[in-house]
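Taking the numbering used here, the leading residue of the sequence shown gets 87, the next gets one more, and so forth.
Every residue, glycine too, gets a C-beta built ideally from N, C-alpha and C.
To start, the structure itself, in structure tokens.
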Amino acid sequence: MKIAIVGTGYVGLVTGTCFSEMSVDVTCVDVQESKIEDLKNGIIPIYEPGLEDMVHRNYNAGRLKFTTDLKECLDDVEVVFSAVGTSSDEDGSADLKYVLEVARTIGRNMNKYVLVVTKSTVPVGTAQRVKSVIQEELDKRNVKIEFDVASNPEFLKEGNAVDDFMKPDRVVVGVESDRAKEIMERLYKPFMMNNYRLIFTDIPSAEMIKYAANSMLATRISFMNDIANLCELAGADVNMVRKGIGADSRIGSKFLYPGCGYGGSCFPKDVKALIRTAEKNGYSMKVLKAVEEVNEKQKSILFEKLMKHFNNDIQGKQIAMWGLAFKPGTDDMREAPALVLIDKLIAAGANVKVYDPIAMDECKRRVGGDKVVYATDMYDAVLNADALLLVTEWKEFRMPSWGALKKTMHQTVVIDGRNIYEKKELTEARIEYACIGK
87 MKIAIVGTGY VGLVTGTCFS EMSVDVTCVD VQESKIEDLK NGIIPIYEPG LEDMVHRNYN
147 AGRLKFTTDL KECLDDVEVV FSAVGTSSDE DGSADLKYVL EVARTIGRNM NKYVLVVTKS
207 TVPVGTAQRV KSVIQEELDK RNVKIEFDVA SNPEFLKEGN AVDDFMKPDR VVVGVESDRA
267 KEIMERLYKP FMMNNYRLIF TDIPSAEMIK YAANSMLATR ISFMNDIANL CELAGADVNM
327 VRKGIGADSR IGSKFLYPGC GYGGSCFPKD VKALIRTAEK NGYSMKVLKA VEEVNEKQKS
387 ILFEKLMKHF NNDIQGKQIA MWGLAFKPGT DDMREAPALV LIDKLIAAGA NVKVYDPIAM
447 DECKRRVGGD KVVYATDMYD AVLNADALLL VTEWKEFRMP SWGALKKTMH QTVVIDGRNI
507 YEKKELTEAR IEYACIGK
């Protein structure tokens, strides 16, 4: 089978590469010439464990191709996946201009049947808009060519995306014809050999499932952060509370870890988009609005704990930060708590030194090269520091040498934004320690 993937960002590149690993003939399309040339030369634009080797292997085998011209491959492919970006507009709704432009290009240039599959996260009703745009372009050409649209939302976790795609717990596909269903069954069959679930729905339901799933996970995180903040006031231990409620089979233990807020490319954007979708339909998502409010406040909690420790004066203090990416396993800093924290620290007059195993270049791109000092390693970051803020729970941060910190820090204050350290251990090392929800 031959398919095209439009968009070589996180979703598109992972999707195309994983399909090619199953011997599907894949052409990845992107309008950015520099990105396509980099991919042809083996330069991967994102960090994702296992992806680079897979791209090289399938490109060299001829199963994975890269081009800037969708028109040149339309006559050869049976399926076109649209995986272009859908950033948030100012009001939080999803920006569909790239999705609809892909539809126009297809309508203007298709000469035979094609199944157009929306892979990007898009609001309910987008597939019908895509269908209308394609049909409008065909009408302008005065031609009658059959085509189908489908929705196939992605459920990839950054840092684990390749495994998520190759061994999915479920694949959701929204279709409106038997032909489209048969094509998608054939395409995903190699991934279903171990009884992974292929779930077919109508198209609007498939579009809603992605937003609902991410919003539910975001709700669990914000709920636990709210509980953690109450635990501190009431004298409870949020880790004990988490274990107690997580043992309930109706609740489960996943996404019940308190911290300094969620970020990334999905949760913040999808929560906002679902809130706006509801408003457009005359409904208020009160729970999700609270989820968003709690999360934005939580991104400032490490700063607030730091200010409390130093009596609201950190002017001239040397503050170290371990972790910049919104989560381990990625260099993604979209909506990352670290960005909020850096801004607040600088505004309060602190000197900031940061370290992240992967996201240093991304931080320089977003924050700039002179607002903060970029450390060479985790121990360089804490040299002469008055406090250390743990922001991202990378594995290399989990067992630091407390003795080394005692020798190199000016004041040994550790504020743990991910609850990965044991208070007893730090207390015995005579290090002042604060975390979330204790």
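Just reading off the beta strand (DSSP E) that residue i is part of, what are its end residues?
i      : result
LEU469 : That residue, LEU469, is in no beta strand (DSSP E); it is neither H nor E in DSSP.
ASN127 : From DSSP, ASN127 is part of no beta strand (DSSP E); its letter is neither H nor E.
THR543 : Limits of the chain in this structure are 87 at one end and 524 at the other, which puts residue 543 out of reach.
ILE132 : Counting along the chain, ILE132 falls outside any beta strand (DSSP E), and DSSP gives it neither H nor E.
ILE400 : From DSSP, ILE400 is part of no beta strand (DSSP E); its letter is neither H nor E.
PHE389 : Element bounds for PHE389: not the beta strand (DSSP E) but the alpha helix (DSSP H), 387-395.
ILE506 : ILE506 -> no beta strand (DSSP E), and no H or E assigned at all.
VAL166 : 165-168
For the alpha helix (DSSP H) containing residue i, name the first residue and the last one.
i      : result
ILE428 : 423-433
ARG194 : 183-195
TYR274 : 264-274
ASN311 : 289-320
LYS217 : 212-227
LEU160 : 157-160
LEU374 : 372-384
LYS329 : 324-332
Assign residue i to buried or exposed, taking buried as 16 or more other Cβ atoms, counted over all protein chains shown, within 10 Å of its Cβ.
i      : result
GLY409 : buried
MET196 : buried
GLY347 : buried
MET326 : exposed
VAL112 : buried
PRO423 : buried
ILE285 : exposed
PRO254 : buried
TYR199 : exposed
ASN398 : exposed
By the three-class DSSP mapping on this structure, what secondary structure does residue i have?
i      : result
ILE361 : helix
ALA490 : helix
PHE233 : strand
ARG516 : coil
ASN437 : strand
LYS340 : coil
CYS521 : coil
ARG256 : strand
ALA90  : strand
VAL112 : strand
LEU475 : strand
THR103 : helix
LYS450 : helix
LEU410 : coil
LYS481 : helix
ARG283 : strand
By alpha-carbon positions, which one of the options ends up nearest to residue i?
i      : options                        : result
GLY171 : ASP288, LYS450, LYS205, LYS509 : LYS205
ILE506 : GLU514, ASN470, ALA520         : ALA520
ASP418 : ASP447, ALA406, LYS403         : ASP447
LYS296 : VAL257, PHE483, THR154, LYS383 : VAL257
MET140 : MET108, VAL468, LYS121         : MET108
ASP288 : GLU518, LYS391, THR153, PRO239 : PRO239
GLY503 : GLU479, ASN246, LYS492         : GLU479
VAL92  : ASN144, ARG149, SER168, LEU137 : SER168
PRO290 : GLY260, GLY330, ILE331, ASN311 : GLY260
Report yes or no: is there a C-beta of chain B within less than 7 Å of the C-beta of residue i?
i      : result
THR153 : Absence of chain B from the displayed structure is noted, only one protein chain being present.
- When the Cβ atoms of the stretch 358-378 are set against those of the stretch 315-332, are three or more pairs found closer than 8 Å? Too few Cβ pairs lie closer than 8 Å, so no.
- Message: Any contact between the stretch 297-308 and the stretch 349-363? By contact I mean 3 or more CB pairs, one from each, below 8 Å.
- Response: Taking a contact to require three or more Cβ pairs closer than 8 Å, the stretch 297-308 and the stretch 349-363 qualify as touching.
- Query: At a cut of 8 Å, does the stretch 438-453 reach the stretch 400-408 through at least three beta carbon pairs?
  - Reply: The stretch 438-453 is in contact with the stretch 400-408.
- Task: Tell me, please, whether the stretch 211-226 touches the stretch 383-402 by the rule of three or more beta-carbon pairs shorter than 8 Å.
- Result: no
- Item | Three-pair Cβ contact test at 8 Å for the stretch 483-496 versus the stretch 451-460 | In this structure the stretch 483-496 does not lie against the stretch 451-460, because fewer than three pairs of beta carbons, one per stretch, are closer than 8 Å.
- Task: Would you check if the stretch 129-139 and the stretch 89-105 touch, i.e. whether three or more CB-CB distances between them fall below 8 Å?
- Result: Segment contact: the stretch 89-105 against the stretch 129-139, three or more CB-CB distances shorter than 8 Å; contact assigned.
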